[in-house]
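Chemist: Start counting the sequence shown at 33; every next residue gets the next number (this note's numbering).
All C-beta atoms in this analysis are idealised placements derived from N, C-alpha and C, irrespective of residue type, glycine included.
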Amino acid sequence: MQTIQDMMTRDVQSISPQETVQRAAQMMDELNVGSIPVLDGHRLVGMITDRDITVRSTAAGEAPGQARVGDVMSTDVRTCAPNQTVDEVLGQMGDVQIRRVPVVDEASHEVVGIVSLGDMAAKHSAGVDHTLEEISTPAAPDRSTTGSQTRH
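1. What separation, rounded to the nearest whole angstrom, lies between the Cα atoms of T35 and T117?
2. Using alpha carbons as the reference points, say which of G102, M105 and G150 lies closest to M125.
3. Exposed or buried, D84, counting other C-beta atoms within 10 Å across all chains shown (16 or more means buried)?
4. Give the secondary structure of G66 by DSSP, where H, G and I count as helix, E and B as strand, and everything else as coil.
5. Can you give me the start and stop residues for the beta strand (DSSP E) that G102 sits inside?
6. Kindly give me the distance between the Cβ atoms of M79 and P134, rounded to whole angstroms, as I take these residues to be in contact under 8 Å.
7. Which term fits L122, buried or exposed, when burial requires 16 or more other beta carbons within 10 angstroms of its beta carbon?
8. Is I36 close to chain C? Criterion is C-beta to C-beta, closer than 9 Å.
9. Counting along the chain, where does the alpha helix (DSSP H) carrying M79 start and finish?
Here is the structure:
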């Protein structure tokens with residue numbers, strides 16, 4: 033049975049919550065990725081995605097050079113362990129409609145990798161179609177109700 037450590041990308045770049053949204057977007061462009069783990073020291077505190085930047089920051093009119101990663105990142109981050117089975121993690125990804133999951137070492141609690149639906153599709157095709165279908169089902173818009181933004 034294949035485990036996540038067989039699929040994951042190991043050299044994971046991260047960003048600090050104090051960095052600007054513009055720097056996060058530049059890193060995504062340089063690395064050709066759609067999300068970056070946000071670490072405070074060695075502790076995972078969130079994920080920032082291209083969608084977070086577009087929907088939570090740009091659409092709200094925030095200046096990318098001034099808005100902070102910590103203000104727009106997703107904080108409810110699902111993680112997995114290197115020894116979890118691929119099928120188990122695929123199921124979790126489908127349940128919560130996510131495409132990428134940070135891999136966290138159970139002993140040190142440090143991010144040791146990241147696994148994406150694309151990684152699994154390339155190396156483990158079983159179950160990927162069903163997970164992709166679940167992830168692709170439209171969800172309710174993610175709208176912040178904090179701050180001075182008013183929706184009409």
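Modeler: In this structure, then:
1. By 1-based counting over the sequence shown, the position of residue 35 is 3. By 1-based counting over the sequence shown, the position of residue 117 is 85. Taking the straight line from one Cα to the other gives about 4 Å.
2. Your numbering for residue 125 matches position 93 in the sequence shown. Looking at the Cα atoms, G150 is the closest of the given residues.
3. Start at 1 with the first residue of the sequence shown, and residue 84 comes out as number 52. Counting Cβ neighbours within 10 Å, D84 comes out buried, since at least 16 surround it.
4. The sequence position of residue 66 within the sequence shown is 34, counting from 1. G66: coil per DSSP, three-state reduction.
5. On the sequence shown, position 70 is the one that residue 102 refers to. Counting along the chain, G102 falls outside any beta strand (DSSP E), though it belongs to the alpha helix (DSSP H) covering V101 to V104.
6. As a first step, residue 79 is located in the sequence shown; it is residue number 47 there, counting from the start. As a first step, residue 134 is located in the sequence shown; it is residue number 102 there, counting from the start. The pair is a contact, with the Cβ atoms about 7 Å apart (cut-off 8 Å).
7. Translated into positions along the sequence shown, residue 122 becomes position 90. L122 comes out buried.
8. Protein chain content of the structure displayed is limited to a single chain, and chain C is not contained in it.
9. For this step, residue 79 is matched to residue 47 along the sequence shown. Note, M79: premise wrong, no alpha helix (DSSP H); beta strand (DSSP E) at R75 to T81.
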